[in-house]
Amino acid sequence: MGTKRHQCVAILLTLFLGVGGCSDRRQPEGQRSWSRVIGSELRALGYRNWIVLGDAAFPVHSRPGVRTILINDEIPAVLDEVLKELERVQTVTPRIYMSRELAEIPNDRAPGVDDYREVVERALRGYPVREMEFRSLSLLLEDSANKFTVLVFKTTTALPYSGVFIELDSGYWDRESERDLRERLEKKRRLEST
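For the sequence shown, the working numbering begins at 36 and goes up steadily by one.
See the structure below:
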């Protein structure tokens, strides 16, 4: 009797732990635990901060301005959530960068990369992407980390050069408006100095 009871308890525990241990990937978007983390983190960021959606091998930086958060999901799902949250916040807009190398990787060298490119394209929902060599992106990121916060969401994606780099720009003041303002201020300064 005691053995059957132990077996029954063991089976129930196994079922409970098995169901409770399912990954976020099977949960609907609203129930992903990491989506709440993304929401709270992004609300704190502003103009000139960076967000990196890194692959599984993306290094953890030791610089004080770089924070890394592990996300148990793939880059396209995280990208989709980040863009949705940025659209909700509306104080910043994303300038998205990807490595130039990604477009040149053949599927026979990195199985799944063709599908990945298609899924990322859909997750971008029409946002323009600027391509740069990975080394240049890394240098740009390092320079920014000296002055501004860089938030890295390290994902489970295991494909080379698959990271997405997002520079945050003002959501209510664009570069053209800033350039126009600077030109007007410069004209005013010149008039005042004559």
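Note that beta-carbon positions come from the ideal geometry of N, C-alpha and C, so glycine has one too.
Since this is a predicted model, take the numbers as computed values, not measurements.
Around the beta-carbon of Y132, 16 or more other beta-carbon atoms lie within 10 Å, marking it buried. Taking each of E218, G74, N181, R71 in turn and checking the Cα distance to R83, the smallest one comes out for N181. V95: not part of any beta strand (DSSP E); DSSP gives it neither H nor E.
Around the Cβ of L174, a 10 Å sphere holds fewer than 16 other Cβ atoms; the residue is exposed. For T190, the number of other beta carbons within 10 angstroms of its own is at least 16, and it is reported as buried.
The DSSP assignment places complete beta strand (DSSP E) segments of no fewer than 3 residues inside the stretch 147-187 at 164-167, in order along the chain. Residue state for G89 is assigned as strand, using DSSP reduced to three classes.
For R71, the number of other beta carbons within 10 angstroms of its own is below 16, and it is reported as exposed. It is roughly 14 Å from the alpha-carbon of P141 to the alpha-carbon of E153.
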